[in-house]
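Reminder that position 21 of the sequence shown reads as 30 in the working numbering, one-by-one numbering, no gaps.
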Amino acid sequence: MRPQDQPTDVRSALSAALGPAFTLGRELGGGGMSRVFMAREEMLERDVVVKVLLPELAQGLSADRFAREMRLAAGL
10 MRPQDQPTDV RSALSAALGP AFTLGRELGG GGMSRVFMAR EEMLERDVVV
60 KVLLPELAQG LSADRFAREM RLAAGL
């Protein structure tokens with residue numbers, strides 16, 4: 010199944026993983042490796058961006074690459 014064919018599955022799983030601390034907003038985009046969403050961090054009343062690795066890529070080298078990208082983005 011192609012990533013664009015499973016938007017509800019990724020959105021539902023992400024919403025469940027974030028729990029009530031975040032309200033998931035619109036999807037900003039994505040590619041072959043991940044999807045990016047706006048979200049609202051309720052406790053701090055701020056908007057954040059959440060990037061999630063697609064489930065079928067969440068192992069091996071893809072996960073390592075994703076972790077490096079997160080560290081780089083955190084430094085911005």
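Where a beta carbon is used, it is the ideal one built from N, C-alpha and C, also for glycine.
Gly38 has its alpha-carbon roughly 20 Å from the corresponding atom of Arg55. Leaving aside the five residues that flank Met42 on each side, the residues in its chain whose CB is nearer than 8 Å to its CB run, in chain order, Leu62, Leu63, Leu66, Ser71, Arg74, Phe75. For Met79, the secondary structure class from DSSP, reduced to helix, strand or coil, is helix. In this chain, the beta strand (DSSP E) harbouring Leu37 covers 31 to 39.
Pairing Met52 with Ala30 gives a Cβ-Cβ distance under 9 Å.
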